[in-house]
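Notes follow the structure.
Numbering (the numbering used here), first residue to last: 5 to 337.
Listed below in structure tokens is the structure:
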């Protein structure tokens, strides 16, 4: 086996490992609200989320192509493979750090940060226009949109059911949350598994086994399976942060947050084909529905820590990837 082929195999393996960590890191995104309101038990919710992640991962490839060709230019050969490998190490490292501390940071932005950091260390081309248009702007806009829509949707629900029996309303929305959580899990697979697909395709192009960024079927299926297995393995630490520490949720608010987040994920994946953070989207939606109760109902101290993790994600993952690239490049050379 040639060194380049060995590098490609290693990249596919670590990319799928990243996909797996993405699954257990971001499992809470889809099901935290449903579990916190007792619409679903944790194990049933995780199983449902795993299945819907699997389905969502195989239905589109637009985001994968954006990640594969729209962020960096990777050189051909072993140098390019080292770059991609280093990017994945940076992303996985940050995922594990934030998972350990229970912070719902973005796996998507960790991956983007890893790609940018490794490319800079390699003195290679970063497509800054693509980073700004397809990463930074969606990173800023999607949480704002998620907060605003969730706030308005919750106000509409409060007005529409203002004369209803609270017990019956909670019971009805608890059942509805099964579907909204499933929709959120589908959106998570639709967005996050595609990012791993994009990195694997970037490695295939760098290696020279294909000259376009179309996603092979085996890449779709392996990425879908990895994120699904990771999702089923859990994410209890982050689930507690999203489900209870940001705000105490009731079933109507859980339904509104999940529905809003799923809508944002579908729009960005199918219409704009840009990678957005499922973590940012659902967290901002939870804050939006919480703000309808009163602003003080949102635990802004916890929210501040989450935002700090968001801001730190891209540079932190970039730094780890850059350091690893320098070390790996010396070894490979």
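Every residue gets a Cβ at the ideal spot worked out from N, C-alpha and C, and that includes glycine.
- With three or more CB-CB distances shorter than 8 Å, the segment 252 to 271 counts as touching the segment 143 to 150.
- Residue pairing from DSSP places residue 76 in a beta bridge opposite 130.
- The three-state reading of DSSP puts residue 258 in helix, counting H, G and I together.
- The criterion of a C-beta distance shorter than 9 Å is satisfied by residue 228 and residue 193.
- For residue 176, the enclosing alpha helix (DSSP H) has its first and last residue at 170 to 192.
- When DSSP states are grouped into helix, strand and coil, residue 330 belongs to the helix group.
- Check the Cα spacing between residue 282 and each of 204, 296, 297, 144: the tightest is with 144.
- Apart from the 5 residues on each side of it in sequence, residue 46 sits with its Cβ closer than 6 Å to the Cβ of 39 in its chain, given in chain order.
- Ranked by Cα distance from residue 102, the first of 126, 317, 146, 180 is 317.
- Boundaries of the alpha helix (DSSP H) around residue 47: 46 to 61.
- Secondary structure note for residue 293: its alpha helix (DSSP H) is the uninterrupted segment 282 to 295.
- The three-state reading of DSSP puts residue 278 in coil, since its state is none of H, G, I, E or B.
- Taking a cut-off of 8 Å for Cβ pairs, the segment 289 to 299 and the segment 83 to 95 do not touch, as fewer than three such pairs fall below it.
- For residue 41, no alpha helix (DSSP H) encloses it, and the DSSP letter there is neither H nor E.
- In this structure, residue 128 lies away from residue 22, with their beta-carbon atoms at least 9 Å apart.
- Going by DSSP, residue 154 is part of the alpha helix (DSSP H) stretching over 141 to 164.
- With contacts defined by Cβ atoms closer than 9 Å, residue 88 and residue 207 form a contacting pair.
- DSSP, read as helix, strand or coil, puts residue 120 in helix.
- When the Cα atoms are used, residue 319 and residue 117 turn out to be separated by approximately 6 Å.
- Here residue 106 carries a coil assignment [DSSP, helix/strand/coil].
- A distance below 7 Å between beta-carbons, with the five flanking residues on each side excluded, links residue 314 to the following residues of its chain, in chain order: 109, 110, 284.
- Between residue 272 and residue 170 the beta-carbon gap is near 35 Å, outside 8 Å, which marks them as no contact.
- Residue environment for residue 179: exposed (fewer than 16 other C-beta atoms within 10 angstroms of its C-beta).
- Taking each of 56, 125, 30, 114 in turn and checking the Cα distance to residue 77, the smallest one comes out for 125.
- Taking a contact as a CB-CB distance under 8 Å, the pair residue 185 and residue 52 counts as one, their CB atoms being some 7 Å apart.
- The criterion of a C-beta distance shorter than 9 Å is satisfied by residue 256 and residue 165.
- Judged by DSSP secondary structure, residue 209 falls within the alpha helix (DSSP H) whose first and last residues are 198 to 211.
- Rounded to the nearest whole angstrom, the CA to CA distance from residue 75 to residue 134 is 6 Å.
- Annotation: residue 205 to residue 217 spans about 6 Å, alpha carbon to alpha carbon.
- When rounded, the separation of the alpha-carbon atoms in residue 332 and residue 16 is 17 Å.
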